[in-house]
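**Student:** In the order they appear, the protein sequences are chains Z and L. The letter at position 119 of the first sequence is residue 119 when you use the numbering used here, and the numbering goes up by one with no holes. The letter at position 59 of the second sequence is residue 1059 when you use the numbering used here, and the numbering goes up by one with no holes. Virtual Cβ for every residue (Gly too), placed ideally from N, Cα, C.
2 protein chains.
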Amino acid sequence: MKLSPRAELKAKKQAYVQDEIVAAAAKLFAERGYRAVTIDDIGSSLDYTKSVVYYYFNSKNEILWQIFQRIYDSYFESIQEIRARNLPPAEAMRMIIRKHALNVMERREWTAIYFREESELNDQQRREIAKKKRQYDAMIEEVYEAGMEAGVFRRMPKHIAVSGLLGMCNWLYVWYKEQGAFSAEEIADYCVNLLANGYLTKG
Amino acid sequence: MKLSPRAELKAKKQAYVQDEIVAAAAKLFAERGYRAVTIDDIGSSLDYTKSVVYYYFNSKNEILWQIFQRIYDSYFESIQEIRARNLPPAEAMRMIIRKHALNVMERREWTAIYFREESELNDQQRREIAKKKRQYDAMIEEVYEAGMEAGVFRRMPKHIAVSGLLGMCNWLYVWYKEQGAFSAEEIADYCVNLLANGYLTKG
DNA sequence: GAATAAGTTGACTTGCTGGTATGAGTGCGG
DNA sequence: CCGCACTCATACCAGCAAGTCAACTTATTC
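(1) Could you check where the alpha helix (DSSP H) with GLN66(Z) kicks off and where it finishes?
(2) Among GLU81(Z), TRP175(Z) and LEU121(Z), which residue has its Cα nearest to the Cα of GLY1167(L)?
(3) Quick one: give me the first and last residue of the alpha helix (DSSP H) that LYS1131(L) is part of.
(4) With the cut-off set at 8 Å, would you say ILE1113(L) and LEU1121(L) are in Cβ contact?
(5) Against chain L, does TYR199(Z) count as a neighbour if the rule is that its beta carbon must be under 8 Å from one of theirs?
(6) In angstroms with no decimal places, state the Cα-to-Cα distance between ASN1197(L) and TYR1048(L).
(7) I think ARG1126(L) touches GLU1118(L), with their Cβ atoms under 8 Å apart; what is that distance to the nearest whole Å?
(8) Can you find a C-beta in chain Z that's less than 8 Å from the C-beta of LEU1121(L)?
(9) Could you check whether the Cβ of ARG1116(L) sits closer than 8 Å to any Cβ belonging to chain Z?
(10) With a 10 Å radius around its C-beta and 16 neighbouring C-beta atoms as the bar for buried, classify ALA11(Z) as buried or exposed.
(11) Which residue comes first and which comes last in the alpha helix (DSSP H) that contains ALA1036(L)?
(12) Among the residues of its own chain, which have a CB less than 7 Å from the CB of GLY43(Z), if the five just before and after it don't count?
(13) Thinking just about the alpha-carbon of each residue, which of LEU172(Z), VAL192(Z), ASP137(Z) and ARG85(Z) is nearest to the one in TRP110(Z)?
(14) Can you check which of these residues, ARG1098(L), ALA1023(L), ARG1032(L) and VAL1022(L), is closest to ASP123(Z) by C-alpha distance?
(15) List, in order along the chain, the chain L residues whose C-beta lies closer than 7 Å to that of ASN170(Z)?
(16) If you count every other CB in all the chains shown that lies within 10 Å of the CB of LEU194(Z), and 16 or more means buried, which is it?
(17) What is the rounded straight-line gap between the Cα of TYR75(Z) and the Cα of GLY1164(L)?
(18) So, using beta-carbon positions, are VAL1037(L) and LEU1028(L) closer together than 8 Å?
(19) Are there 16 or more other CB atoms within 10 angstroms of the CB of ASN155(Z), so buried, or fewer, so exposed?
(20) Taking LYS1099(L) as part of the alpha helix (DSSP H), name the residues at either end of that continuous run.
(21) Starting from TRP1171(L), follow the alpha helix (DSSP H) in both directions and report where the run begins and ends.
(22) Using a Cβ cut-off of 8 Å, which residues of the region 72-98 of chain Z contact any Cβ in chain L, in chain order?
(23) Decide yes or no for the touch test of the region 83-99 of chain Z against the region 135-145 of chain Z: beta carbon pairs closer than 8 Å, at least 3 of them.
(24) Is MET1(Z) helix, strand or coil by DSSP?
(25) Who are PHE182(Z)'s beta bridge partners in DSSP?
(26) Give the secondary structure of LEU46(Z) by DSSP, where H, G and I count as helix, E and B as strand, and everything else as coil.
(27) Assuming ALA24(Z) contacts SER45(Z) under a Cβ cut-off of 8 Å, what Cβ separation, rounded to an integer in Å, is found between them?
(28) Could you tell me the distance, in whole angstroms, from the CA atom of ILE1140(L) to the CA atom of ALA1101(L)?
(29) Just by C-beta distance, which residues in the region 1018-1037 of chain L are closer than 9 Å to chain Z?
(30) Report the rounded CA-to-CA distance for LYS1177(L) versus GLU8(Z), giving the unit in angstroms.
(31) Provide the residue(s) that pair with PHE153(Z) in DSSP beta bridges, ordered along the chain.
(32) Taking Cβ-Cβ distances shorter than 8 Å, what residues in chain L pair up with MET156(Z)?
(33) Which whole-angstrom value describes the C-beta separation of VAL192(Z) and ARG94(Z), a residue pair presumed to lie in contact below a C-beta threshold of 8 Å?
Right, dumping it as structure tokens:
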């Protein structure tokens, strides 16, 4: 599909402003919760009026939906990339956990929305997200299964294992602070180690 | 302070109805989010009118605050009790994790509210809860510290360790289903084991 | 059975918020 | 220099939800 230079320019600007708005909205949603944030708030935080926001988006829900899609896609790609390398399970799992933890910390706000505001989506959106979450988990469960078969991972229901492992990482969105004493990388490494070997020093 | 028999009866009934209302509210808040639930909704779910709810509570916030206090207290007591036994760190930590995980699963809905709706509290309430959360974590960090000094726990920043351990447990409120294939006890045991020894089978 | 207290009702107020209508300013293409 | 598309502001509306209130009903006590 060809676009006139004019239309192209328009598309580019619109994409830019949309990004701006989504980012501003995400920040506010994460702080105060979706319902507590008004379109006015979102606009004001960028020195726009409400109608600017409505010019770029049809509804508040549309903004939220964008956040969900973008955050999910970025998570999905990260894992896809690791899986594509066909590494042995132990190596793959280590990288997945590390990357997942880093993603959570780097995108704290978006992640918080992703986990907290699911009930604000409509039925269809919720179904879609639920499906994607299952896909994401399933990818990692496959790795866990392979690890168990290779005898290198603890034998346990893979769903519980993966939910547990990801759980520790996901929780980072609650307690990780950028200003903290440790960098995201350091924390991610601690998590990987803790999950891989446990907190006990046996031997 | 002495109460007349009449006042006593009144207090008893009020306490009962308040419990009912708080429980109903918690269920709805957990499902749909605090802001999305109206006082009418809460009342209707018990075949009361909105006015009845306002007869027993002064405001919507008061209901939420009750939920926060009650859930925190129950968590706190569990840990207090374990700590009071002065067990060796490895034993204590195992019991703490197990009990914490069980608490999360048994009180899924209340826990969800506790973690999701903090932003709906006012400043003073938020400060109070933040303080209590720090206290709770600090108790467990002490155990972790003792374990490190005894040489039985992996050396790492205790705050990261405890946040990680509790994180896996806290996340249960997201994925644990009562109807699932495994009981809360089984899942708690898997978590304890995974956290203590890691997912790798070295040795 | 009167007096008082407890509990309940439904209509009302009030403020807010998502979304719309309309039109004014701006700048590019011709 | 005109006209059109694009961008954005102002004013507005409809609906909703928290909280209030005075009146009413039901228990309890003496």
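**Tutor:** Based on what the coordinates show:
(1) Start and end: 60-83.
(2) TRP175(Z)
(3) Per DSSP, LYS1131(L) belongs to the alpha helix (DSSP H) from 1123-1149.
(4) no
(5) So yes, TYR199(Z) belongs to the interface.
(6) 51 Å
(7) 6 Å
(8) no
(9) Interface residue, yes.
(10) exposed
(11) Going by DSSP, ALA1036(L) is part of no alpha helix (DSSP H) at all; its letter is neither H nor E.
(12) THR49, LYS50, VAL52 and VAL53
(13) LEU172(Z)
(14) ARG1032(L)
(15) TRP1171
(16) Residue environment analysis places LEU194(Z) among the buried positions, since at least 16 neighbouring C-beta atoms fall within 10 angstroms of its C-beta.
(17) 20 Å
(18) yes
(19) Correcting the residue type first, residue 155(Z) is Arg in the shown sequence and not Asn. Exposed is the call here.
(20) 1089-1106
(21) Here TRP1171(L) belongs to no alpha helix (DSSP H), and DSSP marks it neither H nor E.
(22) Listed by position along the chain: ALA90 and MET93.
(23) yes
(24) In this predicted model, MET1(Z) has a pLDDT of only 45, less than 50, meaning its place in the structure is not dependable enough to derive any value.
(25) Per DSSP, none; premise fails for PHE182(Z).
(26) coil
(27) 5 Å
(28) 14 Å
(29) Those would be GLU1031, ARG1032, GLY1033, TYR1034, ARG1035 and ALA1036, in chain order.
(30) 49 Å
(31) LEU1200(L)
(32) Near MET156(Z) (Cβ distances below 8 Å), the residues of chain L are TYR1190, ASN1193 and LEU1194.
(33) 6 Å
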